[in-house]
C-alpha cells in the first residue's frame, strides 16, 4: 500500500477527527472561551502524541496567553528538517443568525464542510497532522525530520508565538517552514503563495465633552467626537482609494514585470470576483492597478468597526462624549511597520479637529514578506502539488497577513512555504465558513508527496 | 387677601402636593411603568376636578398610548381663552446610584427639591395648576378662560397629542397657549423663550458587500460601508462647522439686530459655558457667530450614534457588509422640514461612494417656531414676570425642539408663550434633577399675575 493509497483509505476517519476538533469553539477573541481554547490545544496535542510525535507539549506563555503546541520527529539524519505551522484558534462566528447550520456543529453539504475554523485554520492544520500520521502509521517513519509548532492566538495577533520564536530556541532549528493557512487561486489549481501583506492594526478613540450632551442645547457649539472620527477617516483615505498619509507610499515597489505578467495569466475575472465573492454594486480602489495588484501588492487602509453614542431603536438627541474606531493598514514588502505607525499617528493628529482629543492604540503590527521562487523548498512544493492535482502550480501573493512568516524569516532565518488548500469562497471570518472536502483530502496527499520529494533530494 | 397673598400663604400645601405627585415614577419610556404613568395622570386629573375645573377627563388614545388630560373653566365671556400645557411623564432616572437621594423620594436640600420630574415637567406643570387653583379658591373665578391639556408621552415623542391636536377638536379653540417647560436664562432673571429650533432626525444605513469580508483578502478592492459613512458625514459638514448641503441655508434668516443686541446683553460667558457645561478642549462651530447664535439661531447637523463592524476587544480584520448612523438637523425658523429632508437625501446620495448603497430613514420631523415679541400674549407675560421678579424680562431662544408648539401653531393657529422656571443647572434627564423652590413659588405668582393682566386688557 502506497502512502497515497493509505491516505485515501483513511478519508472517513480523517473527516471524523476534524469534525471533533471543529466542535470546540476555540474563539481566541472572547476571554470567556479560554477553556475551549485550551481544550482545542489539548485535542491536537493528544493527536500528535498518539501518532508518534515526540516531545509533544503545551508551551505555556505569560498569564492569559494561549499555549503553543510543540512536537517533533527527528529520526531522518541527513535529511532536511521542516517546521510545520498551523493555528487552533478561530474567529468569532457573529452574526450567528446568518449561519445556515450552527458554526460549531460541523455540517457537510455536498462536497463542503461548514463550520467556523473549517478552512481557517483547523482544517488546514489537520492536513499537516494527517499527512504526518500517514507515514508513521503506514511506514513507521517519515522521509524527513519534522517539527510542529501550532499556536492559539493567530486571530488576535497574540504575542506568545512572537516572544517564543524571538528567543530562537534550539528546538525550532530547521531548514524551512511549511504554513498551511492560505488559499488555492481557483478550484483545482495548485497554488503557492510567495508574498503576504503586513498589518498594522489600531484603535482610534476620540473624546469631546466631559459627558454626553443634549444636541438641542449644545449642538452647533460643542465638539462631536463621531463627526471628528468621520473627518479623520475621510481624511486618511481619498475618495479615489489612495491613502492620504504623507510619506506612506515612499517605500512601495511594484512587483516585477514577470510577476505581473504571470498574474495576468491567472484565471481571474473582475466581474466574477465582484459578483460571486464581493456581492456589492462595484469594486473600488486605486485607478491604474488591476484588482489583483490592489489586493496583493498595494497597501490599504480599512475601518473594521466604529461605535459611539446612541445606536438603539428610535431617536435620542445626544452628542456623545466619546467614539472609537478600529482601523488597520496592510503593508507591502519594504514598508516598515514602525515607520507606517509613526506616519499614521502624525496624520491622525493633524486631522483631529479643534475641541477633540484623539488617542491611537496599536493592537498588532507585522511586516509584509516575499519568498523567492528559486528556493528548493518552493520548487519541491510546486512539484508535489502538480503531481497530486495534475496541473501546473501557480505563484500568487495574498493580501492577508500571516505574522509568523515574518518571525520565521527574522529569527529562524528560514524561508516559509505557503501551501494552502482553502478556496476563495470559503468565507473565512464570515458566516457559513466552509472547507472544500476534496481539497482537504488532496491537501493531505500533497503534503505527503512534498515530504517524500524533500526526502528524496 | 390678594391672590399673591393667597399664593404665599399656601406655599407649604403646594409643595406637599408636588411631592406627592413626584413620588409616582411615571416613566413613559419603560413599558412596565404603565400603571404608574396612569396613576400620575389620574392624580393630576383629580386635582383639576377638586379645584373646580370642568369637563375634566382622561382622553384615551390608541392601545398603548398614555392618556391626555383635559379640563376647562370658561365662565369669563369676552375674555381671552388660554390653553395651558404641561406633561406628567418623566425620563428614566438611570444611573440610579448617582443620585444623592432616591429619584422618587423627593428631598429638599437648601432651596432645591431633588426628584426625577421636579423641573421637567411635573414641577412646572404644577405651577399652572396651582396658579389656577389660587383664583378659584380665593376668588371663586378666573380672570380669563382656561383649558388644560396635559400629556404623558413628551419624553418618548409619543403620537397621541399630535393626532389629537391635528383633529382640531372644538374644545381646544383658544387665543394662545402657555407652555411651562423651559428655563430661565439665569437665576432670578425672568425669561421668555421666543424661538425653538425644529428637528429632522434620520438614520443612514450604508451597505457594501453581500456579507462581511476579510480585509486581507478584499481590502483595496471591496467597498467599505464604514469608510463610506465617514465620507458622507465628513461631506455633509465642513471642518469649519458649516453644513455642506446645497441650498440648506437658503431660507435661514439672521435674528434682527435688536434681538442679537439683546443676546449680547445676557449674562453669558463663553469661557464659563465651555468649562462648566461642556468640559471639552474648545467650543466649535461656525465662525462669525456668537455661541448663543450658534445654538439658538443656526441650523446644525449632528451625528448622535454610529455603529458598524467589529467593536469588541482586540483586533478583527473585517470589512463589514453594513454600517449605520443616526444624524439629525436642527432647523431654524423659515426652514421647511420637508425641503431640508429632500436636500439632505440628495446630499447623502451624491456623497455615497461607488459600490455602496445608502438608505435614509426619517424618524422625526418638526419645524422651528418663532413667536413675535409684539404679541399681546408675550407682552403681558413679560410684564407679569417683571412684576414678580423685579427685573426686566429677557427674550431668548432655545436650541431644542418642543414639538407641541409647532402643533398649536399649525392646527390651532395660535401663538405659544414659553414661560419657564427651570434653571440651567436643573440636570434634566440626568441624575439629581432638581427644581429651585423659589422659582416654583414665584412661578405660581407669575402665572397668576399673567392671568390677571390678560383679564384686564
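Residue numbers (the working numbering), protein chains in the order written: chain A, 1 to 457; chain B, 458 to 914. Cβ coordinates follow ideal geometry from the N, Cα and C atoms, glycine included. Since the model is a prediction, treat every value here as computed from it, not as a measurement.
Please report the distance separating the alpha-carbon of residue 818 of chain B from that of residue 218 of chain A.
Taking the second chain and counting its residues from 1, one reaches residue 818 of chain B at position 361. Taking the first chain and counting its residues from 1, one reaches residue 218 of chain A at position 218. Each residue's Cα considered, the two are about 24 angstroms apart.
Which same chain residues, not among the five before or five after residue 532 of chain B, have their C-beta less than 8 angstroms away from its C-beta?
Looking up residue 532 of chain B in the second chain gives position 75. 598, 599 and 602.
Any beta carbon of chain A sitting closer than 7 angstroms to that of residue 681 of chain B?
Stepping through the second chain from its first residue, residue 681 of chain B is reached at position 224. Yes, contact with chain A.
Where does the unbroken beta strand (DSSP E) through residue 305 of chain A begin, and where does it stop?
Locating residue 305 of chain A in the first chain gives position 305, counting from the first residue. Residue 305 of chain A -> beta strand (DSSP E) spans 300-309.
Find the residues of chain A that neighbour residue 706 of chain B, judging by a C-beta separation of less than 8 angstroms, and give them in chain order.
Taking the first residue of the second chain as 1, we reach residue 706 of chain B at position 249. Within chain A, no residue comes near residue 706 of chain B; the closest Cβ sits about 13 angstroms away, beyond 8 angstroms.
At a CB distance below 7 angstroms, what residues from the stretch 297-319 of chain A approach chain B? Give them in sequence order.
298, 300, 302, 303, 304, 305, 306, 307, 308, 309, 310, 311, 314, 315, 316, 317, 318 and 319
If you reduce the DSSP assignment to three classes, tell me which class residue 873 of chain B lands in.
Within the second chain, numbered from 1, the residue matching residue 873 of chain B stands at position 416. Here residue 873 of chain B sits in strand by DSSP.
Is residue 249 of chain A buried or exposed, if buried means 16 or more other CB atoms sit within 10 Å of its CB?
Residue numbering aside, residue 249 of chain A sits at position 249 when the first chain is read from its first letter. Answer is exposed; the Cβ neighbour count stays below 16.
Please say whether residue 720 of chain B and residue 432 of chain B have beta carbons closer to each other than 7 angstroms?
Past the boundaries of the shown model lies residue 432 of chain B; chain B is included only from 458 to 914, so the question cannot be answered.
Within chain B, partners of residue 29 of chain A - CB distance below 9 angstroms:
The sequence position of residue 29 of chain A within the first chain is 29, counting from 1. What residue 29 of chain A touches in chain B: 767, 769, 770, 771, 772 and 773.
Short CB-CB distance (under 7 angstroms) between residue 658 of chain B and chain A:
Translated into positions along the second chain, residue 658 of chain B becomes position 201. Yes - at least one Cβ of chain A is within 7 angstroms of the one on residue 658 of chain B.
How do the stretch 381-391 of chain A and the stretch 52-65 of chain A stand: do at least 3 beta-carbon pairs fall below 8 angstroms, yes or no?
no
Where does the unbroken alpha helix (DSSP H) through residue 684 of chain B begin, and where does it stop?
For the purposes of this step, residue 684 of chain B is identified with residue 227 of the second chain, where counting begins at 1. Its alpha helix (DSSP H) spans residues 682-693.
Does the beta carbon of residue 267 of chain A come closer than 7 angstroms to any beta carbon on chain B?
Counting from 1 along the first chain, the entry for residue 267 of chain A is found at position 267. With 7 angstroms as the cut-off, residue 267 of chain A does not count as an interface residue toward chain B.
Along the alpha helix (DSSP H) that carries residue 359 of chain A, what are the first and last residues, could you check?
Locating residue 359 of chain A in the first chain gives position 359, where the first residue counts as 1. Here residue 359 of chain A belongs to no alpha helix (DSSP H); instead the beta strand (DSSP E) covers 357-366.
Check whether the Cβ of residue 429 of chain A lies closer than 7 angstroms to any Cβ atom in chain B.
Taking the first residue of the first chain as position 1, residue 429 of chain A is located at position 429. So, interface residue.
Measuring straight from C-alpha to C-alpha, what distance separates residue 335 of chain A and residue 434 of chain A?
The residue you call residue 335 of chain A lines up with position 335 of the first chain. The residue you call residue 434 of chain A lines up with position 434 of the first chain. Those two C-alpha atoms are separated by around 33 angstroms.
Helix, strand or coil, according to DSSP, for residue 592 of chain B in the structure here?
Here the question's residue 592 of chain B lines up with position 135 in the second chain. Residue state, collapsed to three classes: helix.
Element boundaries [alpha helix (DSSP H), containing residue 8 of chain A]
Here residue 8 of chain A refers to the residue found at position 8 of the first chain. Where residue 8 of chain A is concerned, the enclosing alpha helix (DSSP H) stretches over 3-9.
Where residue 671 of chain B meets chain A, residues with beta-carbon distance less than 7 angstroms:
Translated into positions along the second chain, residue 671 of chain B becomes position 214. Ordered by position in chain A, the residues that pass the 7 angstroms Cβ test against residue 671 of chain B are 400, 428 and 429.
On the DSSP letters alone, give me the boundaries of the alpha helix (DSSP H) that residue 780 of chain B sits inside.
As a position in the second chain, residue 780 of chain B is number 323, starting the count at 1. Run containing residue 780 of chain B: none in the alpha helix (DSSP H); it sits in the beta strand (DSSP E), 779-788.
Does the Cβ-Cβ distance between residue 234 of chain A and residue 616 of chain B come in under 7 angstroms?
Taking the first chain and counting its residues from 1, one reaches residue 234 of chain A at position 234. Taking the second chain and counting its residues from 1, one reaches residue 616 of chain B at position 159. Result no, Cβ atoms of residue 234 of chain A and residue 616 of chain B do not sit closer than 7 angstroms.
The stretch 792-820 of chain B: which residues have C-beta closer than 8 angstroms to a C-beta of chain A, in chain order?
810, 811, 812, 813, 814 and 820
Secondary structure, beta strand (DSSP E): runs of 3+ residues fully inside the stretch 99-132 of chain A
107-109 and 112-114
Of all the residues that make up the stretch 692-722 of chain B, which are near chain A by a beta-carbon distance shorter than 8 angstroms?
692, 694, 696 and 698
Residue 415 of chain A and residue 375 of chain A closer than 7 angstroms at C-beta
Position 415 of the first chain, counting from 1, holds the residue named residue 415 of chain A. Position 375 of the first chain, counting from 1, holds the residue named residue 375 of chain A. The answer is yes: Cβ separation under 7 angstroms.
Can you tell me the Cα-Cα spacing of residue 229 of chain A and residue 332 of chain A, whole angstroms?
Numbered from its first residue, the first chain carries residue 229 of chain A at position 229. Numbered from its first residue, the first chain carries residue 332 of chain A at position 332. C-alpha separation (whole angstroms): 26 angstroms.
Round the Cβ separation of residue 546 of chain B and residue 612 of chain B to the nearest angstrom and send it over; I've been treating them as touching at under 8 angstroms.
For this step, residue 546 of chain B is matched to residue 89 along the second chain. For this step, residue 612 of chain B is matched to residue 155 along the second chain. Sure, about 5 angstroms apart at Cβ, within 8 angstroms.
Contacts of residue 323 of chain A in chain B (Cβ-Cβ under 8 angstroms):
Here residue 323 of chain A is taken as the residue at index 323 of the first chain, counted from 1. Correct list: 763.
For residue 779 of chain B, I'd like the list of residues in its chain whose CB is within less than 7 angstroms of its CB, leaving aside the five on either flank, ordered along the chain.
Residue mapping note: residue 779 of chain B aligns to position 322 of the second chain, counting from 1. Once the five neighbours on either side are set aside, the close Cβ partners of residue 779 of chain B are 662, 663, 664, 682 and 765.
Does the separation of the CB atoms of residue 44 of chain A and residue 133 of chain A fall below 7 angstroms?
Translated into positions along the first chain, residue 44 of chain A becomes position 44. Translated into positions along the first chain, residue 133 of chain A becomes position 133. No. Outside cutoff.
Name, please, each residue of chain A whose Cβ falls closer than 8 angstroms to the Cβ of residue 783 of chain B.
Within the second chain, residue 783 of chain B is the residue found at index 326, counting from 1. In chain order: 309, 310, 311, 315 and 316.
Is it right to say residue 21 of chain A is buried, meaning 16 or more other beta carbons lie within 10 angstroms of its own, or is it exposed?
Translated into the one-based positions of the first chain, residue 21 of chain A becomes position 21. By the neighbour-count rule (16 or more Cβ atoms within 10 Å), residue 21 of chain A is buried.
Beta-carbon contacts of residue 106 of chain A that lie in its chain and below 8 angstroms, excluding the five residues immediately before and after
Counting from 1 along the first chain, the entry for residue 106 of chain A is found at position 106. Only 18, 19, 22, 23, 113, 114, 115 and 118 meet the Cβ criterion.
Closer than 7 angstroms, CB to CB, is residue 40 of chain A near chain B or not?
Residue numbering aside, residue 40 of chain A sits at position 40 when the first chain is read from its first letter. No, its Cβ sits nowhere closer than 7 angstroms to a Cβ of chain B.
Are residue 657 of chain B and residue 763 of chain B closer than 7 angstroms when you measure CB to CB?
On the second chain, residue 657 of chain B is found 200 positions in, with the first residue counted as 1. On the second chain, residue 763 of chain B is found 306 positions in, with the first residue counted as 1. No, the Cβ-Cβ distance between residue 657 of chain B and residue 763 of chain B is not below 7 angstroms.
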